[in-house]
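Novice: If you count the sequence shown from 1, you need to add 440 to reach the numbering used here.
Note that beta-carbon positions come from the ideal geometry of N, C-alpha and C, so glycine has one too.
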Amino acid sequence: MESASQSLPVEEKNELDQTVTDDTNNPIVDMTFTKELRKATKDVHRISDVLVNAKFALALSDDAVWYDGLLAFYEIYKYLEENLPENLLPREFHRKIAFEQDLAYFLGKNWKETYEPRDSVKKYIVHLQEVNAKNKLLLFAYAYQMYMALMSGGQLLQKKRMIKRKLWFGRQDEDEEEEIKSSNTDADIDDLENRPMPRQVTICPEGCAATFFPDKISVLKNKLRQVLNDNYGKFDDELRAEFIEESRNVFIYNGEVVRSIKGVNRANLRKLAIVLVFVMGIYFALKLAKR
441 MESASQSLPV EEKNELDQTV TDDTNNPIVD MTFTKELRKA TKDVHRISDV
491 LVNAKFALAL SDDAVWYDGL LAFYEIYKYL EENLPENLLP REFHRKIAFE
541 QDLAYFLGKN WKETYEPRDS VKKYIVHLQE VNAKNKLLLF AYAYQMYMAL
591 MSGGQLLQKK RMIKRKLWFG RQDEDEEEEI KSSNTDADID DLENRPMPRQ
641 VTICPEGCAA TFFPDKISVL KNKLRQVLND NYGKFDDELR AEFIEESRNV
691 FIYNGEVVRS IKGVNRANLR KLAIVLVFVM GIYFALKLAK R
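1. I need the straight-line Cα distance from Glu-633 to Lys-656, nearest angstrom please.
2. From Ala-681 to Met-602, what distance separates their C-alpha atoms?
3. Please check the pair Leu-578 and Phe-683, which I expect to be a contact at CB under 8 Å, by giving their CB distance rounded to whole angstroms.
4. With H, G and I counted as helix, E and B as strand and the rest as coil, what does DSSP make of Tyr-419?
5. Does DSSP put Gly-673 in a helix, in a strand, or in coil?
6. Just to confirm my understanding: we take Trp-506, look at its own chain, exclude 5 residues before and 5 after, and list those with CB closer than 7 Å. What are they?
7. Using a Cβ-Cβ cutoff of less than 8 Å, which residues in the same chain neighbour Phe-546 once the five nearest sequence positions on both sides are dropped?
8. For the 8 Å Cβ check, are there 3 or more pairs between the stretch 517-524 and the stretch 549-557?
9. By the three-class DSSP mapping on this structure, what secondary structure does Arg-601 have?
10. Helix, strand or coil for Gly-647, going by three-state DSSP, please let me know.
11. Hey, Leu-528 and Lys-475 are a contact pair by Cβ (cut 8 Å); roughly how many whole angstroms apart?
12. Output the distance between the C-alpha atoms of Gln-598 and Phe-539, rounded to the nearest integer angstrom.
13. Have a look at Val-667 and Glu-521 and give me their C-alpha separation to the nearest angstrom.
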């Protein structure tokens, strides 16, 4: 995050950064191993997507739900960044400080004083510790999926929040979301090079740092895929099978954490109540008009 703002005047640094670094020299990366991994995790990935969408469909404008989601996954990103070497997780991917900035914005600067990781997160960390003790290359399986998620679904979720908060004034993203959804559910198409991806979040208002990347996301994704290629291609059959198993476990453990996020039901009930009041208002208005 610091590298993108070093050349900006002081007065333009009030927020994390307002610009995204463009890099036209984005090399083409072989997608063979990426596709192999995607195919091996497709079933659990879809289940995870359904769970996330069900949890957050009506709650994206509710800050309490958003910051509890950040709080839930903060510990996971922190562990990965503190335990993976830079050749497996380059510093430009690191999110720990960004998560802490957002949590300080939502919960206050002393939020860590009362912070206690929830049971599902503690269980997740224990598993990550076991994986790390066995082989850091297997721990990279978690980093690969978690950071790809922030650079894909994380962008879409943040933009939907910004639209609801009137912070995003570009073209509405409903068409983009439908295009992405249809491409992800088409069993006959798995063209990772050409399938549509969410447009990058290019602004960073307060509370939005976790999903903001100063560097161009297409470049970052290719860099992470290259790390996968450089290592996965050298695995023997046993290590490759273990890597795929841990890649599947990412979605299983993530699902348990998502289920622990607080405030979703409350937020959804409040939205439902607003809709019911609106519908009843129309009903009575029409009834009075007929008299």
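Specialist: Let's see:
1. Only weak support exists for where Glu-633 lies, its pLDDT of 48 falling under 50; the value from the coordinates is given anyway. Taking the straight line joining both Cα atoms gives about 16 Å.
2. 40 Å
3. 6 Å
4. Nothing can be reported for residue 419: it is not among the residues displayed for the chain, which extend from 441 to 731.
5. coil
6. Arg-601
7. Asp-503, Trp-506, Tyr-507, Leu-510 and Gly-647
8. no
9. helix
10. coil
11. 21 Å between Cβ atoms; not a contact.
12. 14 Å
13. 15 Å
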